[in-house]
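Heads up: the structure comes next, in structure tokens.
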Amino acid sequence: MDNSLYQYLLILGDNSMILGHRLSELCGHGPTLETDIALTNISLDLFGQVRSYFQYAAKIADSEQTEDSIAFLRTERKYRNVLLVEQENVDFAHVIVRQFLFDGFHKLLLEQLMQSKDETISAIAHKSIKESKYHYRFSGDWLKRLGDGTEVSHKKAQDALNKLYPFTNEFFLESDIEKEMSAKGIGPNLNILKETYYSNIHQIIAEANLTLPIEKQRVAKGKLGYHTENLGYILAELQYMQRTYPNMQW
Amino acid sequence: MENKSKEWPIWEIFIRSKNGLEHKHVGSLHAADAEMAIENARDVYTRRQEGVSIWAVESIHITASNPENSGELFEPAKDKVYRHPTFYELPIELKHI
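If you read the protein sequences in the order shown, they are chains A and B. Everything in the first sequence is counted per the working numbering, starting at 286 for the first residue and increasing by one. Everything in the second sequence is counted per the working numbering, starting at 23 for the first residue and increasing by one.
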């Protein structure tokens with residue numbers, strides 16, 4: 286098995302999976318019926334992408350893996366998502382800011398992956414890019430509405446931005462796997478995306494009348510399997526069914 | 023803002039299911055402004071590929087007939103079947119009418 290490619294698929298898939306799970310927690314709890322459905326739609330888009338990545342990973346794996354076993358039966362240290370996506374929902378402002386910071390990166394990443402030398406990854410990216418563009422539009426619009434809205438909404442959006450912005454640095458800290466994929470032409474050189482990412486999101490943050498936090502960027506290692514305590518709680522809920530009733534299907 | 027109400031206004035949503043067909047009323051939703059009404063309609067009413075085009079009209083702009091007046095408005099048409107164009111003999115050559 287090409288272990289590097291396998292690990293790379295987890296890096297790509299786990300972000301969508303954990304963020305999709307966070308959004309699914311809001312199903313039935315959204316602030317309005319319309320935003321509730323919108324967030325659930327985004328969640329389902331992300332899960333669709335995860336399935337494509339994990340089906341491919343299961344196909345190239347040596348052992349008897351399935352998309353479900355990859356999704357549900359790994360221990361915490363084997364998940365490779367960035368720390369941003371596992372942060373708590375807290376309130377609608379946190380949900381929107383987290384989504385916005387991720388979507389801005391996700392869109393750029395998928396645009397690059399469309400050019401991937403790996404045909405399957407390229408095909409998944411072609412399918413996902415339209416979804417991701419809509420997510421970015423949705424979260425960017427809402428960021429402006431909150432930031433440029435009432436005093437309360439502005440404060441909540443600013444608080445969320447102060448807390449979550451420092452996590453964005455992790456997108457561009459290349460792991461060895463990502464370096465290798467970049468060298469092989471399967472994944473992008475993340476350093477090239479960095480400038481575009483920050484210039485894009487800074488423009489929208491300014492339009493939203495929000496100020497950039499002064500706190501320094503974090504050195505996060507989610508892609509290497511080192512997570513915040515949040516992931517443990519997420520996995521407890523996410524894995525309960527498969528751990529309690531192994532091989533259960535529905 | 024003039025509107026002090028905390029509730030978002032209601033919008034009526036019309037969807038065109040495919041090019042060439044008319045927009046049809048599909049339901050209503052809440053939105054703060056026209057732009058959000060389109061976005062919300064996209065998420066609420068087109069998630070199963072129902073449409074290719076959306077119209078949103080704020081509900082207060084629709085004038086509706088009063089149900090109390092339905093007697094004088096609609097009853098008189100009941101016994102005037104001759105208004106249906108079913109009394110004409112069509113030439114056989116006309117097949118699709």
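Ideal placement from N, C-alpha and C gives every residue a C-beta, glycine not left out.
Could you tell me which of the options sits nearest to residue i, measuring between CA atoms?
i        : options                                : result
A/Leu523 : A/Leu294, A/Glu319, A/His306           : A/His306
A/Tyr291 : A/Asp330, A/Gln334, A/Gln350           : A/Gln350
A/Leu446 : A/His411, A/Ile477, A/Glu500           : A/Glu500
A/His439 : A/Asn532, A/Ala493, A/Thr360, A/Asp353 : A/Ala493
A/Glu514 : A/Arg362, A/Gly434, A/Ala342           : A/Arg362
B/Ala53  : B/Trp30, B/Gly93, B/Ala86              : B/Trp30
A/Thr405 : A/Ile519, A/Ser337, A/Arg430, A/Asp426 : A/Ser337
A/Leu393 : A/Gln384, A/Leu475, A/Phe357           : A/Leu475
B/Arg38  : B/Leu51, B/Glu57, B/Ser75              : B/Ser75
B/Ile137 : B/Lys102, B/His47, B/Arg105            : One cannot answer for residue 137 of chain B here, as it falls past the ends of chain B, which runs 23 to 119.
B/Ser149 : B/Leu43, B/Tyr67, B/Gly42              : With chain B covering only 23 through 119, there is no way to say anything about residue 149 of chain B.
A/Met399 : A/Gly510, A/Leu497, A/Pro473           : A/Pro473
A/Leu308 : A/Pro498, A/Phe339, A/Phe377           : A/Phe377
A/Ile462 : A/Leu509, A/Val437, A/Leu497, A/Gly434 : A/Leu509
A/Ser484 : A/Glu352, A/Ser348, A/Phe390           : A/Phe390
A/Thr317 : B/His45, B/Pro113, B/Lys28, B/Leu43    : B/Lys28
Here's the rule I'm using: 16 or more other beta-carbon atoms within 10 Å means buried, otherwise exposed. How should residue i be labelled?
i        : result
A/Val335 : buried
A/Tyr482 : buried
B/His118 : exposed
A/Ala468 : exposed
A/Asp330 : buried
A/Trp427 : buried
A/Ser301 : buried
B/Ala16  : The structure shown does not extend to residue 16 of chain B, since chain B is modelled only from 23 through 119, so no value can be given for it.
A/Ser328 : buried
B/Glu61  : buried
B/Phe109 : exposed
B/Phe96  : exposed
B/Ala99  : exposed
B/Ala86  : exposed
A/Ile519 : buried
B/Val103 : exposed
A/Val437 : exposed
B/Met23  : The pLDDT assigned to B/Met23 is 43, lower than 50, so where the model puts this residue is not dependable; a value taken from the coordinates is nonetheless given after this. Exposed is the call here.
Report the CB separation of residue i from residue j in whole angstroms; it is logged as a contact under 8 Å.
i        : j        : result
B/Glu80  : B/Trp33  : 5 Å
A/Gln372 : A/Leu449 : 6 Å
A/Asn374 : A/Glu310 : 6 Å
A/Ile471 : A/Tyr341 : Contact flag wrong, Cβ pair sits at about 12 Å.
A/Lys479 : A/Phe457 : 5 Å
A/Leu324 : A/Gly315 : 6 Å
A/Asn326 : B/Asp65  : 5 Å
A/Ile477 : A/Lys429 : Going by Cβ atoms, the distance from A/Ile477 to A/Lys429 rounds to 27 Å, so no, they are not a contact pair.
A/Leu368 : A/Ala505 : 5 Å
A/Ser289 : A/Met466 : 7 Å
A/Ile409 : A/Glu396 : Going by Cβ atoms, the distance from A/Ile409 to A/Glu396 rounds to 13 Å, so no, they are not a contact pair.
Counting only the same chain and skipping the five closest in sequence on each side, list residues whose C-beta sits under 7 Å from that of residue i.
i        : result
A/Asp388 : Ser417, His420, Tyr421, Ser424
A/Asp299 : Tyr364, Arg365, Asn366
A/Leu495 : Gly432, Ala442, Gln443, Leu446
A/Gly517 : Glu361
B/Asn41  : Val74
A/Glu352 : Arg336, Phe339, Gln340, Ala343
Residue i to residue j, Cα distance in whole Å?
i        : j        : result
A/His411 : A/Ser401 : 10 Å
A/Ile345 : A/Glu455 : 27 Å
A/Gly507 : A/Ile296 : 9 Å
A/Leu386 : A/Ile486 : 7 Å
B/Ile107 : B/Ile35  : A quick correction: the sequence has Pro, not Ile, at residue 107 of chain B. Whole-angstrom Cα-Cα distance: 33 Å.
A/Thr529 : A/Leu304 : 24 Å
A/Ala544 : A/Ser354 : What the structure shows of chain A is the stretch from 286 to 535, and residue 544 of chain A is not part of that stretch, so it cannot be assessed.
A/Asn532 : A/Phe357 : 10 Å
A/Cys312 : A/Ile322 : 8 Å
A/Gln534 : A/Asp287 : 29 Å
A/Asp403 : A/Ser460 : 19 Å
B/Ser92  : B/Glu115 : 41 Å
B/Asn25  : B/Arg69  : For B/Asn25, the predicted model reports a pLDDT of 49, less than 50, meaning its position is unreliable; a value from the coordinates is still stated below. Distance between the alpha carbons of B/Asn25 and B/Arg69 is about 31 Å.
B/Arg105 : B/Glu111 : 15 Å
A/Phe339 : B/Asn88  : 57 Å
B/Glu44  : A/Gly434 : 36 Å
A/Lys464 : A/Ser407 : 18 Å
B/Glu94  : B/Asp101 : 13 Å
A/Val370 : B/Glu90  : 55 Å
A/His512 : B/Glu57  : 39 Å
A/Ser348 : A/Pro498 : 46 Å
A/Arg359 : A/Gln384 : 25 Å
Could you name the residues of the same chain whose beta carbon sits closer than 6 Å to that of residue i, not counting the 5 residues immediately before and after it, in chain order?
i        : result
A/Val382 : Ala445, Leu446, Leu449
A/Val380 : Asn374
B/Ala59  : Trp33, Ala53, Ala78
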